[in-house]
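Participant: Numbering (our numbering), first residue to last: 15 to 493. Where a beta carbon is used, it is the ideal one built from N, C-alpha and C, also for glycine.
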């Protein structure tokens, strides 16, 4: 083959050099700058869930129950569009460019949400907020996994995804303070809540300016000099801390560089060679998406409808869930690297599904109070949050470098359309019937989806613990 600027053959140690790095302060800084995506998403979800009562009142926008759930659906629809649009551009133009654009989109749209005067403008802003967050999922998951050593990738990835629940915790506390009459009128407090989220996003944007592009992506696009320069700088910083770096082996990754990967190659891989992996990713993403959106987006409405709690108390109902959901991956995350992906993903999905199924009967028959229900869901979320985080980790690992961000986007989009958009709409209707039995039937569906995902992982799951990304899924352009 004749070499050209767009397509030529190279040999590189870049993936091996990235994987042999010891954990360092450099990795901590990268995770701090990039991992905030989920924190901001958690903040958004909690704010809207906690503020639903105020938004329905005369102090908010006088929204109806269907409008509140429609706003949640519009946010998730924006996230689907953002994931697909920005996911493709992340693979085409690079990780760094896109994780700056997506965060800027989120921040501006969230600040504009605080200025809403009616449902239509509120919904418009929520769409663009979701657009930015959806793009973040694709850009950040791919960037994080390509920058983290393979031996700790599971632990780190689960922790990063779990920061969603730090945002949810902060959102619950902030919403409680803002709604609790602490010097702020209710008609202004919800606006401050959204303003805080947008301001935080702009602050994080400054941190990301110093994050380098992915060396793996740079080498793929024929920019190996830039890739080597990035890795040289990382290695130099690590050595300054006194840590030792093992020498690379003689074996190099051989690949043909291209300026982009055609859609035909991507879809041929997803529905052809990796068809079984695609079915696995679909099952994992749909299960966790339906589960969390069925509960988290609607729990405040359930508390208000069936247990008659006040608007001011709604934020605190979500706080135990958020704390338990963060502690789960924090405590269990290391096991995904030691015990392995396949047994841990199967176990977390299966246990969460069984526990959710166990809640349905007592709730439907009125034998469990709000406090008991909250304790049960906190225990369920402790396990289920690790399962949800592992779904993103799995998609990132089992598809090739050339299509990693787009694959994340595709399965996030499908999972969100079925679980994220469908669940709030479904539960909005179920809650409006005033029947606990109908709500319990919806939860039973969520439990079934989690159990099916557990079965799929046990059947065709891929063991990627401790392995390089390139060994788990060979690049399409490798020779």
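Between which two residues does the alpha helix (DSSP H) holding residue 483 run?
Facilitator: In the DSSP assignment, residue 483 falls within the alpha helix (DSSP H) that extends over 483 to 486.
Participant: Might you give, ordered along the chain, the residues of its own chain that have their beta carbon closer than 8 angstroms to the beta carbon of residue 79, omitting 5 neighbours on each side?
Facilitator: If we look at residue 79 and ignore the five residues flanking it on each side, its Cβ neighbours are 70, 315, 442, 445 and 446.
Participant: Go through its chain and collect everything with a Cβ distance to residue 458's Cβ below 6 angstroms, but skip five positions before and after it.
Facilitator: 374
Participant: I need the boundaries of the alpha helix (DSSP H) containing residue 290, first residue and last residue.
Facilitator: 289 to 310
Participant: Less than 6 angstroms between C-beta atoms, sequence neighbours within five positions excluded: which residues of the same chain meet that for residue 137?
Facilitator: 85 and 88
Participant: Run through the stretch 148 to 222 for me and flag every whole alpha helix (DSSP H) of 4 or more residues, listed as ranges in chain order.
Facilitator: 167 to 193 and 200 to 222
Participant: Are there 16 or more other CB atoms within 10 angstroms of the CB of residue 289, so buried, or fewer, so exposed?
Facilitator: exposed
Participant: Between the Cα of residue 37 and the Cα atoms of 72, 267, 50 and 169, which residue gives the shortest distance?
Facilitator: Closest in C-alpha terms to residue 37, from the list 72, 267, 50 and 169, comes 169.
Participant: Are any of the Cβ atoms in chain B nearer than 9 angstroms to that of residue 82?
Facilitator: You won't find chain B in this structure, because it holds only one protein chain.
Participant: With DSSP as the reference, label residue 349 as helix, strand or coil.
Facilitator: helix
Participant: Exposed or buried, residue 307, counting other C-beta atoms within 10 Å across all chains shown (16 or more means buried)?
Facilitator: Counting Cβ neighbours within 10 Å, residue 307 comes out buried, since at least 16 surround it.
Participant: If we call anything under 9 angstroms between Cβ atoms a contact, is residue 100 one with residue 115?
Facilitator: Their beta carbons are under 9 angstroms apart, which means residue 100 touches residue 115 by this criterion.
Participant: Can you list, in chain order, the residues of its chain with a C-beta nearer than 6 angstroms to that of residue 371? Leave out the 5 residues immediately preceding and following it.
Facilitator: 461
Participant: Residues in its own chain within less than 7 angstroms of residue 209 by CB, not counting five upstream and five downstream?
Facilitator: When the five nearest sequence neighbours on each side are left out, the beta carbons in the same chain lying within less than 7 angstroms of the beta carbon of residue 209 are those of 125 and 128, in order along the chain.
Participant: Report the rounded CA-to-CA distance for residue 26 versus residue 299, giving the unit in angstroms.
Facilitator: 33 angstroms
Participant: Assuming the contact rule is C-beta atoms closer than 8 angstroms, residue 29 and residue 484 should be a hit. Round their C-beta distance to whole Å, please.
Facilitator: About 5 angstroms separates the two Cβ atoms, so the contact holds.
Participant: Grouping DSSP H, G and I as helix and E and B as strand, with all else coil, what is residue 25?
Facilitator: strand
Participant: Where does residue 127 fall in DSSP's three states?
Facilitator: Taken through DSSP and simplified to helix, strand or coil, residue 127 comes out as helix.
Participant: Please give the ranges of any alpha helix (DSSP H) in the stretch 403 to 430, keeping only runs that are unbroken, at least 4 residues long and fully inside the region.
Facilitator: 418 to 429
Participant: Determine the direct distance from the alpha carbon of residue 166 to that of residue 404, and round the result to whole angstroms.
Facilitator: 13 angstroms
Participant: Are the beta-carbon atoms of residue 305 and residue 176 separated by less than 9 angstroms?
Facilitator: no
Participant: Does the stretch 376 to 395 come into contact with the stretch 406 to 416, if we say contact requires no fewer than three beta-carbon pairs (one atom in each stretch) closer than 8 angstroms?
Facilitator: no
Participant: For the beta strand (DSSP E) containing residue 268, list its first residue and its last residue.
Facilitator: 267 to 271
Participant: Who are the near neighbours of residue 55 in its chain, counting only those whose CB is closer than 7 angstroms to its CB and skipping five residues on each side?
Facilitator: 147, 178 and 181
Participant: So, using beta-carbon positions, are residue 218 and residue 45 closer together than 9 angstroms?
Facilitator: no
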